[in-house]
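Residue 202 is where the sequence shown starts when you use the numbering used here, and the numbers rise one by one after that.
Backbone N, C-alpha and C define an ideal beta-carbon position, used for all residues, glycine too.
Have a look at the structure below before the remarks.
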Amino acid sequence: MTMHLMNAMIATRYLTRDSLMGAEAIAFGSIWWFVYAGISCFLVLFAGIMSGLTLGLMSLGLVELEILQRSGTPSEKKQAACILPVVQKQHQLLVTLLLCNAASMEALPIYLDKMFNQYVAIILSVTFVLFFGEVIPQAICTRYGLAVGANFVWLVRILMIICYPISYPIGKILDWVLGHNEALFRRAQLKVLVSIHSQEAGKGGELTHDETTIISGALDLTEKTAEEAMTPIESTFSLDVNSKLDW
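Right, dumping it as structure tokens:
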């Protein structure tokens, strides 16, 4: 919501300035009115795509994509292989998407001001950006981020080329300051992940109790010593070598 309020404030600034300068609105029904309406719709649609891709692509981790590329369904393998090279440039991708999103949002009030009353333009700008530029695209990309990202990866590549002079140096600075997010799961995390996917967890997992026990035991082998696996001598008993085992 903070972003939307900021957009409203920016829109107000533009509209107030234009009103003071005596800017004339375009007559409804004229050719230029429809041109500006088309541009405004394009800006809202473009902002929505950028917002959705920001959430959809940046929420896909490199490890998750590699897992899908190796063990997913045929469509998931294809989609993950298509997205992975782009997502590997995490910070450059982030700067590109945010830059394009901000540019379209900032341009929208300028065109709406030429078509409507300044107050109507502010209301329409905030409403369109909120619902069609943020809420709906992010709701879709939260659920279908992989598929949406794969279908729009061509557009992302083009935008990364266009924004390269700005996004590349900023991305490199972020890489240097923040580093890359390529951390794999630690053993303890893998063990918990396996337990969550067990049938006993009640979350729809497919692993049986025996499978979970075997995997968890294998993960503990590097830390477990022979002493932990042995039975203490005082807890054992011995039999004579000539004893008859008749039970």
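Q: Pull up the CB-CB distance for G334 and V245, whole angstroms please, since I reckon it's below 8 Å.
A: The pair is a contact, with the Cβ atoms about 6 Å apart (cut-off 8 Å).
Q | Residue from A238, W233, A430 with nearest C-alpha to L160 | A | Past the boundaries of the shown model lies residue 160; the chain is included only from 202 to 448, so the question cannot be answered.
Q. Among all the DSSP beta bridges, which residues are the ones paired with S399?
A. Note: S399 sits in a beta bridge opposite L408.
Q: Please classify C342: does DSSP put it in a helix, a strand, or coil?
A: It is helical.
Q) C342 and G257: beta carbons closer than 7 Å? A) Yes, the pair counts as a contact, with Cβ atoms nearer than the cut-off.
Q) Could you give the distance in angstroms between the alpha-carbon of V330 and the alpha-carbon of S399? A) For the pair V330 and S399, the Cα-to-Cα distance works out to about 43 Å.
**Q.** Own chain, CB closer than 8 Å to I240, minus 5 neighbours either side, in chain order
**A.** Cβ within range, chain order: Y312.
Q | Length of the line joining the Cα atoms of T297 and S368 | A | Spanning the two alpha carbons is a distance of roughly 6 Å.
Q: Check whether the stretch 302–316 touches the stretch 275–288, taking contact to mean three or more Cβ pairs, one atom from each stretch, closer than 8 Å.
A: Three or more beta-carbon pairs separated by less than 8 Å are not found between the stretch 302–316 and the stretch 275–288, which leaves the two stretches without contact.
Q | Neighbour-count burial assignment, D314, 16 or more Cβ in a 10 Å radius | A | With 16 or more other CB atoms across the displayed protein chains lying within 10 angstroms of its CB, D314 is buried.
Q. Do the CB positions of L266 and A281 come within less than 7 Å of each other?
A. Judged by their CB atoms, L266 and A281 are nearer to each other than the 7 Å cut-off.
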